[in-house]
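Heads up, the thing below is written out as structure tokens.
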Amino acid sequence: MKCFEDLKNLYDDMVEERGVEAYRYIHELLEKAQELRYAYLEEHEPKKDKGQSWRSFIGNNFEKLLQHIITEALESHEVKVIGGRKLNGRRLSQELDAVKQNLTVNYGRFGGLLPDADIVIYKPQNSQVIAVISSKTSLRERLVQTSYWKSKFQDSENTKHIKVYLITPDRDKDLTKVDPAKRQRVIAEIDLDGTYVLTTEELEESDKVKLFEHFIEDLKKLIEEN
Numbered sequence: 009m010k011c012f013e014d015l016k017n018l019y020d021d022m023v024e025e026r027g028v029e030a031y032r033y034i035h036e037l038l039e040k041a042q043e044l045r046y047a048y049l050e051e052h053e054p055k056k057d058k059g060q061s062w063r064s065f066i067g068n069n070f071e072k073l074l075q076h077i078i079t080e081a082l083e084s085h086e087v088k089v090i091g092g093r094k095l096n097g098r099r100l101s102q103e104l105d106a107v108k109q110n111l112t113v114n115y116g117r118f119g120g121l122l123p124d125a126d127i128v129i130y131k132p133q134n135s136q137v138i139a140v141i142s143s144k145t146s147l148r149e150r151l152v153q154t155s156y157w158k159s160k161f162q163d164s165e166n167t168k169h170i171k172v173y174l175i176t177p178d179r180d181k182d183l184t185k186v187d188p189a190k191r192q193r194v195i196a197e198i199d200l201d202g203t204y205v206l207t208t209e210e211l212e213e214s215d216k217v218k219l220f221e222h223f224i225e226d227l228k229k230l231i232e233e234n
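See the structure below:
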């Protein structure tokens, strides 16, 4: 497991084996990818800290993998899936420029700012943004940021319809229980439209916090409603 292409190929192999709902087993993919990453390091870079290298590897490639999975799963739906950083480019197509405008948060005399969105899902026919996804592996850092942008979307008629989702492995198990709920679980339940957890651990699910296997199904329902 050397680079993102190796991770992508591993997922594509899973799709061939399990079919179109392979995304439901993404936690198994991450476990296998970690094993392969450790094996690669053992052979090529034995002195490297394997745990730190894995965290860096999956941190850099987690968003790319999710974008690939979502794009594949929504292939038959009339939407496009892009990385949020793509909207920071200087020479945007007319379509992407319209997406940028539809996503920008207005700060009055200070102008507009793009939210921290790792993945953006929009309709190409009118560039309307349907949802944004935050997908960093560090939950505690990203959860408050994601909650902030959701609140800013609510301040404008132009953006209040945009759904805000978080996808996380929840390494620190901050989302595991509803009662007693940790601070992170409370924010996820109240402030976001949905949080999806990539884990093999026990998770007390709710309407707002679910296992990742439900994500694509929920996303498809949202697209159909729009």
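Numbering (our numbering), first residue to last: 9 to 234. Cβ atoms here follow ideal geometry from the backbone N, Cα and C, with glycine treated the same way.
At a Cβ-Cβ threshold of 8 Å, V113 and V128 do not count as neighbours. Judged by beta-carbon spacing, V186 lies beyond the 8 Å limit of E210, meaning their Cβ atoms are not closer than that value. Residue burial annotation: I170 is buried, with at least 16 other C-beta atoms found within 10 angstroms of its C-beta.
According to the DSSP assignment, K72 belongs to the alpha helix (DSSP H) that extends over 58–81. The residue from R179, T176, S135 with its alpha-carbon nearest to that of L100 is S135. Of S159, G120, S214, K158, the smallest CA-CA separation from T184 is found for S214. Between K10 and Y48, the gap from beta carbon to beta carbon is short of 8 Å.
For a cut-off of 8 Å, the C-beta gap from R179 to T154 is around 17 Å, too long to register as a contact.
An exposed status is given to P54, since fewer than 16 other beta-carbon atoms sit within 10 Å of its beta-carbon.
Taking 8 Å as the cut-off, the beta carbon of I231 is found closer than this to the beta carbon of I138. With a cut-off of 8 Å on Cβ pairs, the stretch 186–199 is in contact with the stretch 151–168, counting three or more such pairs.
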